[in-house]
Structures are given as C-alpha cells and as structure tokens.
Amino acid sequence: MTDDRAWMARALQLAERGLYTVRSNPRVGCVLVKDGVLIGEGWHARAGEGHAEVNALGAAGERARGATAYVTLEPCSHFGKTPPCADALLAAGVSRVVAAMQDPNPQVAGRGLQRLRDAGVEVSCGVLQAEAEALNRGFIRRMRGGLPWVRLKLAMSLDGRTAMASGESQWITGAAARADVQRLRARSDAVISGADAVLQDSSALTVRAEQLGLEPALAERAAAAQPLRALIDGRLRVPLDARLFQQHGPTLVVCHHDQGRAGEWQAAGSELLALPGSAGQVDLQALLAELARRGCNEVLVESGARLAGAFWQAGLVDELLVYLAPTLLGSLARPLLELPLAQMAEAPRLQISEVRAVGEDWRITARPQPL
Ligand code: AOF
Ligand code: ZN
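Letter by letter, the sequence shown follows residues 1 to 371 of the UniProt record's numbering.
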C-alpha cells in the first residue's frame, strides 16, 4: 500500500508536466511497474496527443504484460480525439490498475474502471485522490458543473490599497511576484480582464517565456500555448490599436451589443461576443459558461477593483489570490475590491488556505467559506 502511494506520487509528478500545455484536457500521469521495478512512464502533454497510459505503454513495450499501471485519472473508455486507454491497457496485458480518481467526464465516469474489472484486471481507485483532484480542479468543475475554476488575482499594499487615486498602479509587487502571475496565466485556459484595467495599464495579458522563471524548454512550450484572452468591454471602449490586440492571436471581446461592428474585430483577428446582462453589466456567469463550452478549465481574472468586485458579488470566484507588497499607498489610494458593504453581517467569511513568500512580497490564497 505504501508502494502504491509512492508510485502514484511519481505519476502525479509526471502529470504536472502537462500543467501549462494540456488545455481543455486533464493533466494525467502514468507509471508502469513490474516486480517492484519501473518499466515505463508517460504523461499527457496536449489535447489531441497521446494520453498518459498510451505514452507509458509505448515506453514499456512488451514488458507491460503482467505489470501494474498507476494512473492519476481513471483510464478513458471512449473514443475522443484518441481511442480508449482502457482497451490499450487490456491489449498490453496489464494485470493491475491503480487510479487516483474516477474521471468526471460523463463519457467515462466509471466505465473505464468497469471495463478493466470486467476483463479480469485487478482495479483499485482513490490512492492520493486529494492530490489528483487538486491538479485538475478546473477540469472537474467544468465536467460536473459546466463552469471553469475561477481564480481572482489582486495585488495590494500593506494598507490594503491597490492603485493611486489617479489609477496609476503598475509595479506594486516585485519581479518574483510578477513571474508567479505569469505562471498563473500560463496554467489558465483563459485570462479575463476589463476595459478599465486594459486602458489603464495597456496590459497585453500574454504569457512571456522569459518571465516565467521556468526551465527554458518548458517555458517555450508554455508560451506557445497562450491562454485565450477575454476582455470585458461592455461599451467597446478599448480601441483596436490597443497593445492587447497587437499581440499573440485572438482576443474575445465581450460587450452588451455588438453595434453591428463584429466585422471590425474579426478583421483584426479577434472576436466580438454580445452578452447582455442587467444593470449595464455583462452577464459574467454567461461568459464563464461560454468559456467552459469552449473547453476552458481554469480561468484567471486580472482586472481592476470594479470588475473584481462584480465577480466576487456574483459568487463566481473559487479562489482569491492576493499579493501583498511591502509598501503603503496611503488613504487617497483605491481599495482592493469595490465591494460596497454597509454592515458587518454582509462581510463574507473566507478560508485562507495558503500564505507564502514570493520574493519580497507575500501571496495569500483564500477561498469563499463553503455555505
Ligand atoms: C486518460 N488519460 O492522459 C487523459 C484522459 O479527446 P481525447 O481523446 O484526448 O479524450 C479526452 C478525454 O479523455 C478527457 O476529457 C478525459 O475524460 C480523458 N482524458 N484520460 O485516461 C489521459 N488526458
Ligand atoms: Zn485515455
């Protein structure tokens, strides 16, 4: 049993190699072991390419007969972009399969494990399950609920302010925190921002290989798989000559009415999406559902205080990441989040799950308290 956990830990490490590139698919790793010896390993690198099990079987070859497969996700049983892994494991003669968790994809959902059991393979599930789920929170959320996992990233001074009254806000945090945000972007399938932030900071919302602080080959692969950028710009205030539209492929611009101008954005290589909401705001939940429909598992909201407050108030934030910078911006500066609360009773409770040093800054991760 302790061996099972150790081999699964290795499979999870392999799965993590897909962190920045798998996109709409889950991150999955697989190790093949025979007589206590590792005979093959593999991971899923990109949607459309080989699944972890198939890659591990390829590495093990004939030796896979009679081996145990450790997989961080239930082997698939369906024909997607690739044929079923359960069948590949059977064909290779694997005699035992240990999975960390069931596949939440309704096309699989236990059928992969059942097929293996029916064929006489010894199957167990649930080894290092919490760790496996943590790696694929977004995929699980999208498969079960049709929405992505939403991270809201904010940066503030020690006195809880985010920008000067003028709006000037860049570089509160140091280089290490900026690299950390680059990695958050890189693991996300979409980055959402608002017109205020983009106009103020002329941010391009791209992943830049040299700023990721990763090993060069991995950084290049991560930067080659840029997340989709979604700009919430209800009244189409961000001009097409903004930096955002000049770099790295398409941006999805979300507005109230497309004003018959969709062709202009299309000609610039972007897309205009009209999503009317209420009270002059676009329907954020509809946007998230649309992103999930397009295969986004994890999204990062990097916006100004107003849009950040709107996401929070709509109950759409799964994780809040606050970078705390060792500075004071003073009492004229803007608050972190626009959240007009009048009474203590309205103040939400959060659970802080992690506090860690990032260079000279600190990163606090918090989740809304489950009801
Ligand atoms: C596995 N191993 O490495 C992955 C799995 O379109 P496809 O063929 O890539 O299938 C994608 C689905 O397969 C995905 O939604 C998930 O259910 C499963 N992913 N399964 O056994 C893997 N990536
Ligand atoms: Zn598969």
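Ideal Cβ placement from N, Cα and C applies to all residues, glycine included. These numbers were taken from a predicted model, which means no experiment stands behind them.
When every heavy atom of ligand 1 is checked, does at least one fall within less than 7 Å of the C-beta of Val238?
Answer for Val238: no, Cβ out of range of ligand 1.
Quick one: does the C-beta of Glu53 sit closer than 7 Å to a heavy atom of ligand 2?
Yes.
Could you check which residue in Gly146, Leu32, Arg137 and Asp241 has the C-alpha nearest to that of Val97?
Nearest option by C-alpha distance: Leu32.
Tell me, please, which residues DSSP counts as bridged to Thr365.
DSSP output for Thr365 lists Leu321 and Glu354 as bridge partner(s).
Less than 7 Å separating the Cβ of Pro340 from some heavy atom of ligand 2?
False, no ligand heavy atom lies under 7 Å from that Cβ.
Do the region 24 to 44 and the region 3 to 15 make contact, defined as three or more Cβ pairs closer than 8 Å?
The region 24 to 44 vs the region 3 to 15: in contact.
Let me check understanding here. Comparing Cα to Cα, which of Tyr20, Met164, Ala11 and Phe245 lies closest to Glu41?
Comparing C-alpha distances from Glu41 to each of Tyr20, Met164, Ala11 and Phe245 shows the shortest one belongs to Ala11.
Is Arg161 closer than 8 Å to Ala333 when the C-beta atoms are compared?
Going by C-beta atoms, Ala333 is nearer than 8 Å to Arg161.
Please state whether the Cβ-Cβ distance between Leu116 and Ala86 is less than 8 Å.
The answer is yes: Cβ separation under 8 Å.
Among Asp361, Gly330 and Leu341, which one has its Cα closest to the Cα of Ser166?
It is Gly330 whose Cα lies nearest to the Cα of Ser166.
Taking 7 Å as the cut-off, is the C-beta of Pro75 nearer than that to any heavy atom in ligand 2?
Using a cutoff of 7 Å, the CB of Pro75 counts as near ligand 2, since one of the ligand's heavy atoms is closer than that.
Spatial neighbours of Val301 within its chain, please: CB distance less than 6 Å, with the 5 preceding and 5 following residues excluded, ordered by chain position.
So the list reads Leu152, Ile192 and Phe311, once near-sequence residues are dropped.
Just verifying my parser: in three-state terms, what is the DSSP assignment at Gly126?
Shown here, Gly126 sits in coil according to DSSP, grouped into three states, outside any helix or strand.
Alpha carbon to alpha carbon, how far is Ile39 from Ala64?
Here the alpha carbons of Ala64 and Ile39 stand approximately 7 Å from one another.
Using the rule of at least 16 other Cβ atoms within 10 Å of the residue's Cβ for burial, across every protein chain shown, is Pro326 buried or exposed?
When all chains shown are included, Pro326 counts as exposed.
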